[in-house]
Amino acid sequence: QRTRARRLNDDDLEQRARQINRRYFDGELSWHTIRWVNNMAHRLGSCTSGGATDGDIRLSDRIRHWPAYVLDYVLAHELAHRKYPNHSADFWAYLARYPHTERARGFIEGIAYAQGDDPDSLI
190 QRTRARRLND DDLEQRARQI NRRYFDGELS WHTIRWVNNM AHRLGSCTSG GATDGDIRLS
250 DRIRHWPAYV LDYVLAHELA HRKYPNHSAD FWAYLARYPH TERARGFIEG IAYAQGDDPD
310 SLI
């Protein structure tokens with residue numbers, strides 16, 4: 190049976206981010222806002238750094254019904270950008286604290302392949 194995330198609202202997403210932050214990142218991360226958006230045609234999420242919008246995290250509402258471990262991975266990925274605003278080796282090592290990273294990346298790669306997209310361009 191496939192596990193799917195229930196339809197989450199922005200408050201649910203905020204709560205989920207807090208849980209991931211506590212569980213995998215020792216509660217050391219902070220952000221300004223986190224919400225669903227419907228204007229991401231290809232990317233799954235984004236996190237701003239610097240300027241007036243520093244710490245605004247957005248997730249594409251296309252992934253609301255993806256498996257919970259994938260949704261949590263995308264959320265953890267964007268949260269990890271609060272410490273490392275890049276895709277450096279340090280970023281990937283930090284993100285690896287989320288235990289389903291490789292499994293979720295495999296799911297995303299499968300989706301990207303089916304859509305003819307580059308999986309690295311999605312997040």
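So the sequence shown is numbered by our numbering: it starts at 190 and just counts up by one. Every residue gets a Cβ at the ideal spot worked out from N, C-alpha and C, and that includes glycine.
Trp225: member of the beta strand (DSSP E) spanning Thr222 to Val226, first to last residue. Going by DSSP, Gly234 is part of the beta strand (DSSP E) stretching over Gly234 to Cys236. Per the Cβ contact rule, the segment 269 to 284 is not in contact with the segment 294 to 301 (fewer than 3 Cβ pairs under 8 Å). Taking 8 Å as the upper bound for CB-CB distance, Cys236 and Ile246 are in contact here, some 5 Å apart. The Cβ atoms of Leu260 and Ile209 do not sit closer than 8 Å to each other. The C-alpha of Leu268 lies about 16 Å from the C-alpha of Asp200.
Pairing Phe296 with His270, the inter-Cα distance amounts to about 21 Å.
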